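Visitor:
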Amino acid sequence: MKPLVAYNILPDQKQELIEITKLFDLPNRKDENYMQYLETVMKDMDINGMKNPILVIKKENYWNRLPWRGTNEQYGVVTGSNRYRYAVARGYTHIESIICNDRPQWFDLWNKLQYRVK
6 MKPLVAYNIL
16 PDQKQELIEI
26 TKLFDLPNRK
36 DENYMQYLET
46 VMKDMDINGM
56 KNPILVIKKE
66 NYWNRLPWRG
76 TNEQYGVVTG
86 SNRYRYAVAR
96 GYTHIESIIC
106 NDRPQWFDLW
116 NKLQYRVK
């Protein structure tokens, strides 16, 4: 097992390791601007690691902002696509995650975890 773990622990949140194969990237962006930014993120993570866990959701709790392309058993990555893609690219088998129960919980966590690599 090769886990990618966050160095921040969020109070009152259950953080758990989820297998990479049980996840998929909801936004799934591939445009050139994003891919250039992703390169910057990957270089930063090579040096600094992962600050916060990713946020994921089950299909039955998802609010359908983007199309669900995974299976019913997979979790969609709603926040943390860059970290998820980093884990896949670097051969990690698990990534530290928080499973969101609904959009309000996700939005509250999203507001607390905003971080952008420059």
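Counting with my numbering, you get residues 6 to 123 for the letters of the sequence shown.
All residues carry an ideal CB built from backbone N, CA and C; glycine is no exception.
Treat the numbers as computed from the prediction; the structure is a model and nothing was measured.
Measure the Cβ-Cβ separation of Ala92 and Leu31 and say whether it is below 7 angstroms.
Guide: The answer is no: Cβ separation not under 7 angstroms.
Visitor: Figure out for me which residue from Tyr89, Trp111, Glu21, Val83 has the closest Cα to the Cα of Gly54.
Guide: Tyr89
Visitor: Tell me the residue span of the beta strand (DSSP E) that contains Leu60.
Guide: 59-63
Visitor: At which residue ranges does the stretch 21-53 contain complete alpha helix (DSSP H) runs of 4 or more residues, listed in the order of the chain?
Guide: Within the stretch 21-53, the complete alpha helix (DSSP H) segments of 4 residues or longer fall at 37-53, listed in chain order.
Visitor: Use the C-beta contact count for Asn87: other C-beta atoms within 10 angstroms, 16 or more gives buried, fewer gives exposed.
Guide: buried
Visitor: Assuming Trp68 contacts Gly81 under a Cβ cut-off of 8 angstroms, what Cβ separation, rounded to an integer in Å, is found between them?
Guide: Wrong, their Cβ atoms sit about 11 angstroms apart, outside the cutoff.
Visitor: Does the separation of the CB atoms of Gly96 and Leu60 fall below 7 angstroms?
Guide: no
Visitor: With the cut-off set at 7 angstroms, would you say Ile62 and Val83 are in Cβ contact?
Guide: yes
Visitor: Would you report the Cα separation of Lys56 and Leu15, rounded to the nearest angstrom?
Guide: One Cα belongs to Lys56, the other to Leu15, and the distance between them is close to 11 angstroms.
Visitor: State the DSSP-derived secondary structure class of Pro72, mapped to helix, strand or coil.
Guide: coil
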